[in-house]
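In terms of mature numbering (1 follows the signal peptide of the UniProt record, and there is no 0), the sequence shown is residues -19 to -1, 1 to 212. Positions of the beta carbon are idealized from the N, C-alpha and C atoms, including for glycine. In what follows, a structure is listed as structure tokens, so that the remarks can point back to it.
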Amino acid sequence: SPFCALCAVVWCLIHPAHPDFQICVEGNIASGKTTCLKYFSKTSDIQVLTEPVSKWKNVRGQNPLALMYQDPARWGLTLQTYVQLTMLVNHLSSTAASVKMMERSIFSARHIFVENLFRSGKLAAVDYAVLSEWFDWITSSISLPVDLIVYLQTSPQTCYERLKQRCRDEEKAIPLEYLESIHQLYEDWLVKCSHAAPPAPVLLQVIPADHDLQEMLHLYEENRQKILTAC
Ligand code: DGT
């Protein structure tokens, strides 16, 4: 009856479809997350959400990503505020698929990138405090479940070479040391669990990701079954 159809629409609006299983793909800059997501996007019933990097390069005509690389002390807070918003949107986006796979997360934005800016002296203590307050409030007030983290573990040198090859304008000035710091923070966060706990309870799947494309596709194929079993 029309009444039931109306009820169904209202019910769907109040309870947007949540996937049963949420996966975040994590790893250093140019570790191959996009290739990994592209591979899994071919699996039926997995919805893939890529990192909203195009938004960071163009928000109402402004490019906060480029500004952050030019002058992190001035624009770090601006970029991180926007990254946090776009990540929150991705965490909350509903999907009809039973598995959602997203590139990075609000957690790595905070525990890797904000932390790195602060520890390298490029984020003022007050900016760090404000970003941390936002993050703590968001993650304690809103349910952002993550069931599995796929960590693409690379050497910073490999990422540096891939970065030079892809030649993105914003990333031209990234030195090897930057990738080394990001790598160290990822290892501390996900492998040693020493500076912040991963979102709990979460499964961790580490995939060695220094290999060439062909070998990586092979590894994804091998890991696909493990990941789908975990779901
Ligand atoms: P992939 O596929 O592993 O090569 O990864 P991409 O290039 O698709 O994405 P990724 O992780 O390299 O991020 C794009 C750019 O955005 C890169 O220059 C790093 C930067 N980025 C990502 N998240 C954050 C963040 O939270 N803060 C800062 N400062 N930069 C970020």
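Using only the alpha-carbon positions, how far apart do residue i and residue j sit?
i: Asp128; j: Ser175; result: 20 angstroms
i: Lys81; j: Ser124; result: 15 angstroms
i: Leu194; j: Lys14; result: 12 angstroms
i: Ala47; j: Arg100; result: 21 angstroms
i: Asn71; j: Arg85; result: 10 angstroms
i: His199; j: Tyr20; result: 10 angstroms
i: Pro179; j: Ala154; result: 30 angstroms
i: Ser113; j: Lys145; result: 32 angstroms
When DSSP labels each residue in this structure, what does residue i get in the three-state scheme?
i: Gly42; result: coil
i: Leu104; result: coil
i: Leu125; result: coil
i: Gly8; result: strand
i: Val183; result: coil
i: Pro189; result: strand
Is there a Cβ from chain D that is less than 8 angstroms from the Cβ of residue i?
i: Glu203; result: Here there is only one protein chain, and chain D is not present.
Measure from the alpha carbon of residue i to the alpha carbon of each residue in the options, then state which is nearest.
i: Cys17; options: Asn39, Ala211 and Ile188; result: Ile188
i: Tyr50; options: Gln146, Arg147, Leu185 and Leu98; result: Leu98
i: Leu69; options: Asp52, Cys5 and Glu96; result: Cys5
i: Val29; options: Leu66, Cys148, Ala110 and Met83; result: Met83
Taking DSSP's pairing of strands, which residues face residue i in a bridge?
i: Gln28; result: Lys81
i: Ile133; result: Residue 133 is actually Leu in this sequence, not Ile. In DSSP, Leu133 forms a bridge with Gly8 and Ile188.
Determine the burial state of residue i: buried for a count of at least 16 other Cβ atoms within 10 Å of its Cβ, exposed for fewer.
i: His182; result: As written in the sequence, residue 182 is Pro, which differs from the His given in the question. Label assigned to Pro182: exposed.
i: Thr135; result: buried
i: Gly42; result: exposed
i: Trp118; result: exposed
i: Pro156; result: exposed
i: Arg55; result: exposed
Return yes when at least one heavy atom of the ligand PLP lies under 7 angstroms from the C-beta of residue i, else no.
i: Gln186; result: Here the bound small molecules are the ligand DGT; the ligand PLP is not part of this structure.
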